[in-house]
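**Q** Here it is, the structure in full.
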Amino acid sequence: MYFDSHAHYDDRQFDPDRDELLLSLSESGVDYVINCASDLASAEKVLDLVRRYDFVYGAVGIHPEAVGGLDPEAVTSLYGYIEESSKIVAVGEIGLDYHYEDNPERDVQQEWFIEQIELAKELELPVIVHSRDAAADTYEILRDYDAEQVGGVLHSYSGAPEMAQKYIDMGFYLGIGGMITFANAKKVAATVEKMPLERLLIETDCPYLAPVPMRGKRNDSGNLRYIAERIAQIKGVTPEEVARVTTENAKRLFQIQ
Ligand code: NI
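To convert a position in the sequence shown, counted from 1, into the working numbering, add 46.
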């Protein structure tokens with residue numbers, strides 16, 4: 047009943063118990079997981095995961111923090127990984143991260159963001175977008191390079207409703223994660239309240255960003271229920287309704303039957 051639209055089970059924090067944990071997720075009601083790559087090395091691991099687990103689908107792309115000094119040929123490698131399995135259903139995670147200055151330089155991040163949007167359009171796959179401290183540039187690039195053609199999700203969305211509406215108008219979804227359970231997350235709570243449930247996805251971004259009451263611990267898809275419960279409380283619907291509608295949304299976006 048839950049669809050985790052953003053996870054990183056290739057992360058080394060899962061090395062001690064990855065198989066055991068993934069096999070136990072169905073007991074927590076987790077029916078689907080999108081595992082996102084962050085660089086070429088993790089793309090290899092994503093392919094391995096989607097082959098081993100029926101319920102795991104993948105996204106392949108290079109995270110903005112990993113694009114520094116990247117060989118231009120990397121885009122050919124990405125293409126190759128994506129073509130290897132029909133279970134690679136998106137290009138991601140890609141985007142902009144201006145949180146740390148020059149990490150890597152902004153123009154390099156922008157070039158790779160654009161390059162990978164073009165790849166997604168060529169392959170007719172949606173994009174999974176990471177944007178931190180870069181809201182205006184992220185929006186302008188998605189708009190100017192016509193990402194609307196393929197659509198996608200603003201992962202771990204934490205911004206205000208005004209910007210959220212602009213993404214929704216462009217056909218995008220908003221990925222709501224553990225932050226929605228934090229007491230100080232006022233902006234994203236306002237966004238969830240005002241935006242239609244039909245445009246929201248839920249995600250863990252595990253092993254990071256565990257929701258309350260698991261905050262600070264290693265996160266996994268079994269914690270999606272806390273996110274669904276909080277969204278349900280804000281929107282005045284049942285958690286089951288949140289789980290059902292966000293699963294339908296994700297299946298529609300990633301074209302999973
Ligand atoms: Ni992520």
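Even for Gly, the Cβ is constructed at its ideal location relative to N, Cα and C.
Can you say whether P16 is buried or exposed, counting buried as having 16 or more other CB atoms within 10 angstroms of its CB?
**A** Look at the range of the chain in this structure, 47 to 303, and you will see that residue 16 is not part of it.
**Q** Examine the ligand NI and report whether any of its heavy atoms sits within less than 7 angstroms of the Cβ of D192.
**A** The residue labelled residue 192 in the question sits at position 146 within the sequence shown. Result no, Cβ not under 7 angstroms from the ligand NI.
**Q** Assuming A206 and L220 make a contact with CB atoms under 8 angstroms, what is their CB distance in whole Å?
**A** Within the sequence shown, the letter at position 160 stands for residue 206. Within the sequence shown, the letter at position 174 stands for residue 220. Rounded, the Cβ-Cβ distance is 12 angstroms, inconsistent with contact.
**Q** Is it the case that the Cβ atoms of V288 and I277 are separated by a distance below 8 angstroms?
**A** For the purposes of this step, residue 288 is taken as residue 242 along the sequence shown, with counting starting at 1. For the purposes of this step, residue 277 is taken as residue 231 along the sequence shown, with counting starting at 1. Contact: yes.
**Q** Find the nearest neighbour of S241 within the set D266, P253, T292 and A182, judged by alpha-carbon distance.
**A** One-based indexing of the sequence shown puts residue 241 at position 195. Here the sequence assigns Met to residue 241, which means Ser is not the residue at that position. Ranked by Cα distance from M241, the options D266, P253, T292 and A182 are led by T292.
**Q** Counting along the chain, where does the beta strand (DSSP E) carrying G221 start and finish?
**A** In the sequence shown, counting from the first residue as 1, residue 221 sits at position 175. Its beta strand (DSSP E) spans residues Y219 to I222.
**Q** When you measure from the CB of H52 to every non-hydrogen atom of the ligand NI, does any distance come out below 7 angstroms?
**A** In the sequence shown, the residue the question calls residue 52 occupies position 6. Answer for H52: yes, Cβ within range of the ligand NI.
**Q** Could you give the residue range of the beta strand (DSSP E) that holds Y99?
**A** Start at 1 with the first residue of the sequence shown, and residue 99 comes out as number 53. For Y99, there is no enclosing beta strand (DSSP E), as DSSP marks it with neither H nor E.
**Q** Does DSSP put R178 in a helix, a strand or coil?
**A** Translated into positions along the sequence shown, residue 178 becomes position 132. Three-state result, R178: strand.
**Q** Given 7 angstroms as the limit, tell me if E139 has its C-beta closer than that to any heavy atom belonging to the ligand NI.
**A** Numbered from its first residue, the sequence shown carries residue 139 at position 93. Yes, the ligand NI has a heavy atom inside 7 angstroms of this Cβ.
**Q** How far does the beta strand (DSSP E) with A136 in it extend, from its first residue to its last?
**A** Position 90 of the sequence shown, counted from the start, is the residue given in the question as residue 136. Where A136 is concerned, the enclosing beta strand (DSSP E) stretches over I134 to D143.
**Q** Who does L50 pair with in a DSSP beta bridge?
**A** Along the sequence shown, one-based indexing puts residue 50 at 4. First, the amino acid is wrong: residue 50 is Asp here, not Leu. Bridge partners of D50: V79.
**Q** Could you have a look at A206 and say whether DSSP puts it in helix, strand or coil?
**A** Walking along the sequence shown from the start, residue 206 turns up at place 160. The answer is coil: DSSP assigns A206 none of H, G, I, E or B.
**Q** Taking its Cβ as the centre, do 16 or more other Cβ atoms sit within 10 Å of Y146, making it buried, or is it exposed?
**A** One-based indexing of the sequence shown puts residue 146 at position 100. Label assigned to Y146: exposed.
**Q** Can you tell me where the alpha helix (DSSP H) with I273 in it begins and where it stops?
**A** Residue mapping note: residue 273 aligns to position 227 of the sequence shown, counting from 1. Counting along the chain, the unbroken alpha helix (DSSP H) around I273 starts and ends at L270 to K281.
**Q** Decide if R98 is buried, meaning its Cβ has at least 16 other Cβ atoms within 10 Å, or exposed.
**A** What you label residue 98 is simply residue 52 of the sequence shown in a count that begins at 1. Exposed, since its Cβ has fewer than 16 Cβ neighbours within 10 Å.
**Q** Please confirm whether L124 and V106 have their CB atoms less than 8 angstroms apart.
**A** Numbered from its first residue, the sequence shown carries residue 124 at position 78. Numbered from its first residue, the sequence shown carries residue 106 at position 60. Yes, they are a contact pair.
**Q** Skipping 5 residues on each side, what residues in its chain have a beta carbon closer than 7 angstroms to that of E194?
**A** To locate residue 194, count along the sequence shown from 1; it is residue 148. Excluding positions up to five away in sequence, the list reads M216 and G217.
**Q** Please say whether V199 and I174 have beta carbons closer to each other than 8 angstroms?
**A** In the sequence shown, residue 174 corresponds to position 128, counting from 1. In the sequence shown, residue 199 corresponds to position 153, counting from 1. Yes, the Cβ-Cβ distance between I174 and V199 is below 8 angstroms.
**Q** Since Q59 and R264 should fall inside the 8 angstroms C-beta cutoff, what is the C-beta to C-beta distance between them, to a whole number of angstroms?
**A** Here residue 59 refers to the residue found at position 13 when the sequence shown is read from its first residue. Here residue 264 refers to the residue found at position 218 when the sequence shown is read from its first residue. Sure, about 6 angstroms apart at Cβ, within 8 angstroms.
**Q** Considering just the uninterrupted stretch of the alpha helix (DSSP H) at I160, what are its terminal residues?
**A** Residue 160 sits at position 114 when you count from the first residue of the sequence shown. That run of the alpha helix (DSSP H) goes R152 to L169.
**Q** At a threshold of 7 angstroms, does H201 count as lining the ligand NI (C-beta to nearest heavy atom)?
**A** In the sequence shown, counting from the first residue as 1, residue 201 sits at position 155. Yes, the ligand NI has a heavy atom inside 7 angstroms of this Cβ.
**Q** Alpha helix (DSSP H) containing G126: first to last residue?
**A** Taking the sequence shown and counting its residues from 1, one reaches residue 126 at position 80. A120 to E130 is the extent of the alpha helix (DSSP H) around G126.
**Q** Taking only three categories from DSSP, how would you classify L246?
**A** Within the sequence shown, residue 246 is the residue found at index 200, counting from 1. Strand at L246.
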